[in-house]
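Encoded as structure tokens, the structure appears first; notes follow it.
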Amino acid sequence: MSPLQILSLLLALSTALNIAITAGLLARRSGVGTPQAILTGAGTAATSLGIYFAAIAAYK
């Protein structure tokens with residue numbers, strides 16, 4: 003992998019982590035339990051990474 007690809011992957015992971023934490027905190031604050039908030043954050047992270055990788059696959 004080239005350094006540019008590694009940096010792009012790190013940026014995607016960082017963005018997904020920020021989105022996941024935000025979604026988890028919003029879910030927790032809206033009144034759901036901690037396990038459900040964690041699952042919400044994990045699902046959001048997986049979705050955002052899936053969209054990112056789909057965009058990369060479509061670009062190539």
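Position one of the sequence shown corresponds to residue 3 (the numbering used here), numbered consecutively onward. Here a beta-carbon is modelled for each residue, glycine too, at the ideal position from N, C-alpha and C.
- Between A29 and A47 the beta-carbon gap is near 13 Å, outside 8 Å, which marks them as no contact.
- The C-alpha of G45 lies about 8 Å from the C-alpha of A22.
- DSSP places G52 in the uninterrupted alpha helix (DSSP H) bounded by T36 to Y61.
- Taking all protein chains shown into account, A39 has 16 or more neighbouring C-beta atoms within 10 Å of its C-beta and is therefore buried.
- For G33, the secondary structure class from DSSP, reduced to helix, strand or coil, is coil.
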